[in-house]
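Residue numbers (our numbering): 7 to 196.
Note that CB positions come from ideal geometry on N, CA and C, so glycine has one too.
First the structure, in the form of structure tokens, and then the observations on it.
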Amino acid sequence: MKFKIPDRRRLLIAASLLLSSAAHADDAARAQAAVTDLGTQLRSALMARVKAEGPVAAINFCHDQAPTIAADVAQKHGLRIGRTGLRTRSPGNAPADWQRVVLADFETQAQAGSAPQTLRYSSSEGLPEGIALRYMQGIATEAPCLACHGQTLAEPVALAIKAHYPEDAATGFREGQLRGAFWVEVSSGN
7 MKFKIPDRRR
17 LLIAASLLLS
27 SAAHADDAAR
37 AQAAVTDLGT
47 QLRSALMARV
57 KAEGPVAAIN
67 FCHDQAPTIA
77 ADVAQKHGLR
87 IGRTGLRTRS
97 PGNAPADWQR
107 VVLADFETQA
117 QAGSAPQTLR
127 YSSSEGLPEG
137 IALRYMQGIA
147 TEAPCLACHG
157 QTLAEPVALA
167 IKAHYPEDAA
177 TGFREGQLRG
187 AFWVEVSSGN
């Protein structure tokens, strides 16, 4: 009985595809863990601040401490991470082109009935040099978010937002609505 051994090229291609798939899964798991970490840290610190000092303190917290928490999570997980949306509070969180495309798709899915927090995007193909994976996960507007992101804001909250974020566009949301997304970029070789 004759048995044909695949040529070397086929073996290399198959091995490369297996390694690429495993690397993507590892990077995606790392990105998801970082998003969970950032979301948990932001939520617990923000809720503690609101409980102790009220909703105006939440505006100050997000302005002063949220970027530091994101930087710490990025360093801990060895990647880039942040938050963005189609309607942002801070110009520094405005979406990049690739994020805007994903957010528009998330918005379509949310309007069709998908829960915002279940929306995920992950890609390792066609990325700029040096980036191995891009990942996004939807952020739902929860009841506590409405104090600063809802349709009706208390005057002190509105004034604090205006003071820190004169170009704010992140109000007018309803509970359950897609508010934005966490985004992650994993560098090649990390």
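Which residues in the same chain as residue i place their Cβ atom closer than 7 Å to its Cβ, once the five residues preceding and following it in sequence are excluded?
i, result
"Ala80", "Arg86, Ile87"
"Ser96", "Tyr171"
"Ser194", "Gly136, Ile137, Ala138"
"Gly182", "Ala146, Thr147"
So what does DSSP say about residue i, is it helix, strand or coil?
i, result
"Ala31", "helix"
"Gln143", "strand"
"Leu120", "Looking at the sequence provided, one finds Ser at residue 120 rather than Leu. If DSSP states are grouped into helix, strand and coil, Ser120 belongs with coil."
"Ser129", "strand"
"Glu191", "strand"
"Ala138", "strand"
"Arg185", "strand"
"Thr74", "helix"
"Thr90", "strand"
"Gly178", "coil"
"Lys98", "Per the sequence shown, residue 98 should be read as Gly rather than Lys. Here Gly98 sits in helix by DSSP."
"Ser45", "It should be pointed out that residue 45 corresponds to Gly in this sequence rather than to Ser. Note: Gly45 maps to helix in three-state DSSP."
So, is residue i buried or exposed, given that buried needs 16 or more other C-beta atoms within 10 angstroms?
i, result
"Leu48", "buried"
"Ser130", "buried"
"Gly186", "buried"
"Gly84", "exposed"
"Arg180", "exposed"
"Ala102", "exposed"
"Pro122", "buried"
"Ala76", "buried"
"Asp4", "In the structure displayed, the chain extends from 7 to 196; residue 4 sits before or after that span and is not available."
Quick one: what's got a C-beta closer than 8 Å to residue i's C-beta in the same chain, skipping five residues either side?
i, result
"Met53", "Pro150"
Roughly how far, in whole angstroms, is the beta-carbon of residue i from the beta-carbon of residue j, given that I think they are within contact range, below 8 Å?
i, j, result
"Ala37", "Tyr141", "4 Å"
"Gln105", "Leu125", "That pair is no contact at about 13 Å."
"Ala44", "Phe112", "The question names Ala, yet the displayed sequence has Leu at residue 44. Actually they do not touch by this definition, with Cβ atoms about 18 Å apart."
For residue i, which residues does DSSP report across the bridge?
i, result
"Gly156", "Phe179"
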